[in-house]
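Line order of the protein sequences matches chains A and W.
Heads up, the first sequence is in the working numbering, so the first residue is 1 and it goes up one at a time.
Heads up, the second sequence is in the working numbering, so the first residue is 1001 and it goes up one at a time.
Note that CB positions come from ideal geometry on N, CA and C, so glycine has one too.
Structure first, then comments.
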Amino acid sequence: MARLRVDFAGPHVSVQDAGRPGRMRFGVPGSGPLDRRAFTAANLALGNPAGAAGVEVSMGGLRLTCLEGELGYAVAGGGFILEHLGKRGAWSVATLRAGETLAIRPGPWGSWCCLAFAGRLQAPEWLGAQATHALSGLGGGRLAAGQVWQVDDARPVLPRAIPCPVAARPRHDIRVTLGPQTRFFAPETVETLLTAPWKVTEAWDRMGMRLAGPRIAPEAALDMASEPILRGSVQVAGDGVPSVLLADHQTTGGYPKIATVLDCELEALVQLRPRDPLRFHAVTPEAAVQIARAQAARDARYFKALEQETPRC
Amino acid sequence: MRLFPLCTPVAEHGLLIEFGERIDAAIHARVLALDAALAANPFQGFHEAIPAYASLMIRFDPRLTDHAAVAAHARGLIDRPFSTPEGTPREVLVCYEDAPDLPAVAQAVGLSPEAVIAAHLAGDYRVFMYGFAPGYAYLAGVPQALQMPRKPAAVRGVPAGAVLIAGPQCLVSTLTMPTGWWVIGRSPTRILTGEADRPFLFDVGDRVRFRRIAEGAWPG
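In C-alpha cells, the structure reads:
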C-alpha cells in the first residue's frame, strides 16, 4: 500500500479510467481521459490493464508527496516536465518512495498528461467507473491540495522511458466530417469553417474547447429540437462561436453541429494549447472510416510493442 | 425538402437517423421503435443508440463496420412493421410548497396557483430523451394551458430535485445548476437512484405521472 498527499493540483486535474461508455441515452457522456492513447500507454508501460484508474493532469500541474510505501508510476501525454529526484521529461516510468515528491508541470508542448500507478488507486466509483464527470463531480473526483490518496497493492518498478509515438503530438490540421446539421448554415459559412484560420482560446475544460475566428452564425432561427451530441461535435452557439465538445460533453443539445471531428483525431486536437492555430479539413465518411482503421492499426502495433517491452512482475 | 427517415454519417463512428424535425409524439414513436428494434437486433460493432426528440444516434466501432452497412441494417429495421414500446408507468412525487416560480407562472397563464397545480398533475408525461446532464430526463406532456417560454436569463444555483417546466417540457433536476426554466415544485424522487442494478429511474419512452405530497410528507 502507498499513500500520496496532494501538495498542489491545478484546475481540471482529476481521476480518470476507461470511462463509462454506453450510457449516453441516460445523459451520461463517456468521460475518461482526453488523451486516451497516452493514458493507455502509461498503464501498459506498468503492466496494468489499459483502463486502470489514474490521474489526468492539466496544464495547471500537480505535485504529490509519497507519505508511505513504494509506488511505481508512469507518465505519458504531452511534453510535460517531471521533477522527482531531478528533472526529466514525461513518457517515463519510475518509482516514488516515502518522503519523495513528484511534480508534473507543462513543458514545451501539450495540454494534458496522464499519471498511472503500479497498483490500484482507491477512488470512488460511479456507475461502475472511477472516471470523474466534471459537471457533477461524480466518479473518482478532482484532486485538491491536502487530500491523501491510497494506492493498494503498490509495487516498485524499474525506471525506463516510454516511446512517444508521432500521433501523440498536437496537430494543427484536424479532419472532420460535415454535419450533421449543416442545413442551418449558409454554404459560404460552411466554406468559412473549412478555410478560416482558427485559434484555440483560454475557454477550455473537459467539456469542450471554444475556438476563436470569424463568426459562423447559423442562418435559420434556432428552434431546432435537441439532437444527440458526440465527443468531437463542432457546435455553434447563436453568437456564431464554434466549440469542439470533448469527453464530458452534454449528450444532447439544441445548437446545430456544423461538423464533427474524427474521433481518432481528438487526441491530436486536445494537445493543442490556447492561441495555437488550427484548420479544419472535411473528409468523406468513407475516408473517415479508412483513417480511423489505419490509426487503430498503428495504435495496436504501438501498444503491443509497449506490452512486450514491459517487464513482467 | 428533406425526406425522412434520413441517415447522416457523423465522423467515423456515428450515424444519425432523423424521423422529422419537430417535438411530436408520432415522430418520437418512430425513434422509440427503431431504438427497441436495434436493442433486439444489434449488429456486429454496435456500441450504443442515443434517442432524442426526432432522431436516433447510432454509435459503432469503425474497425468492424461502416456507415453504409449500419444504414442498411437500420433501414431494414425501420421497414418492418413496428409497435411503439408501451413504456413503463412511473410515479414522481412533487411538493408545490416553497416553489419560487409558481406565483409568476400562475400570473402569466391567468390561472390561480391551485389551478396551475391541478393542470400540472393532470398532465400525462412521457420521457422523450435525456440530455444536458446525467439523469436530466425531458418529459413531454405539459398541458397547453401551462406552456411558458423559458426565462430570458438563467437563474443560478437551482437545487437538485427542482420540478421545472418550459414549453411542453417538464423535468426533475438531478444537480444544482443554473436554469432558465420555471421552478414550480420540488421532488424527493431521485432520478439518479443510486441503485447499482437500476441507476436511472426512467427509460426513454416511460410514462410519468406526478403525485402531490404535502410539505410535511417529505420523506426523511
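Taking 9 Å as the CB threshold, Ala1052/W lines the interface with chain A. Per DSSP, Glu1086/W lies in no alpha helix (DSSP H) and is assigned neither H nor E. Within the segment 1059-1105 of chain W, the runs of beta strand (DSSP E) at least 3 residues long that lie entirely inside it are, in chain order, 1089-1094.
Nearest to Ile291/A by C-alpha distance, out of Pro1005/W, Ala1011/W, Ala1166/W, is Ala1011/W. Cys1095/W is positioned such that its CB atom lies no closer than 9 Å to that of Arg1209/W.
Neighbours of Ser226/A in chain W, taken as residues at a C-beta separation under 8 Å, are given in chain order as Ala1052, Tyr1053, Met1129, Gly1131, Tyr1138. Restricting attention to Ala1118/W, Ile1027/W, Leu1077/W, Tyr1136/W, the CA atom closest to the CA of Thr252/A is found in Tyr1136/W. Taking 3 residues as the shortest admissible run, the segment 1162-1218 of chain W contains the following complete beta strand (DSSP E) segments, listed from N- to C-terminal end: 1162-1166, 1169-1172, 1177-1179, 1182-1186, 1207-1212.
Residue-level contact by beta carbon holds for Gln250/A and chain W, with a gap shorter than 9 Å. Of Ala217/A, Ala2/A, Thr195/A, Gly99/A, the smallest CA-CA separation from Ala118/A is found for Ala2/A.
For Lys257/A, DSSP records a beta bridge to Gln235/A. Interface with chain W (9 Å Cβ-Cβ cutoff): Thr95/A is excluded. The segment 229-243 of chain A and the segment 291-310 of chain A do not touch, with fewer than 3 CB-CB distances between them shorter than 8 Å. Per the Cβ contact rule, the segment 2-19 of chain A is in contact with the segment 144-161 of chain A (3 or more Cβ pairs under 8 Å). By the rule that beta-carbons nearer than 9 Å mark a contact, Asp263/A touches chain W.
Per DSSP, the beta-bridge partners of Asp152/A are Arg120/A. In this structure, the CA atom of Gly51/A is about 28 Å from the CA atom of Thr1174/W.
Using a Cβ distance threshold of 9 Å, Arg206/A and Met59/A do not count as a contacting pair. When 7 Å is used as the limit between beta carbons, Ser136/A is near these residues of chain W: Ala1133, Pro1134, Leu1175, in chain order. Burial is judged here by how many other beta carbons sit within 10 angstroms of a residue's own beta carbon; Asn43/A has at least 16 and is buried. Beta bridge pairing from DSSP links Cys66/A with Leu4/A. Within the segment 1003-1026 of chain W, the residues whose Cβ lies closer than 7 Å to some Cβ of chain A are Thr1008, Pro1009, Val1010, Ala1011, Glu1012, His1013, Gly1014, Leu1016, Glu1021, Arg1022, Ile1023, listed in chain order. Between the alpha carbons of Ala131/A and Gln1169/W lies a distance of about 31 Å. In this structure, the alpha-carbon of Pro1103/W lies about 6 Å from that of Pro1113/W.
Here the alpha carbons of Ala116/A and Leu102/A stand approximately 13 Å from one another. The beta carbon of Phe280/A sits no closer than 9 Å to any beta carbon of chain W. At a C-beta separation below 8 Å, Gly27/A has these neighbours in chain W: Tyr1130, Gly1131, Phe1132, Ala1133, Pro1134, Gly1135, Tyr1136, Ala1137.
Neighbourhood of Asp1066/W in chain A, by CB distance below 8 Å: Pro285, Glu286, Val289, in chain order. In the structure shown, Phe1019/W falls within a coil segment according to DSSP collapsed to helix, strand and coil. Counting only residues of its own chain and dropping the five nearest sequence neighbours on each side, Leu1077/W has a CB closer than 7 Å to the CB of Leu1034, Ala1037, Leu1038, Asn1041. Contact between the segment 178-191 of chain A and the segment 1005-1024 of chain W is present, with at least three C-beta pairs closer than 8 Å. Residue pairing from DSSP places Phe280/A in a beta bridge opposite Ile174/A. Residues of the segment 44-60 of chain A with a C-beta less than 8 Å from any C-beta of chain W: none at all. Residues Leu46, Gly72, Val93, Thr95, Ala118 of the same chain have their beta carbon placed closer than 7 Å to that of Val157/A, with the five preceding and five following residues left out of the count. Residue pairing from DSSP places Val55/A in a beta bridge opposite Val15/A, Leu115/A.
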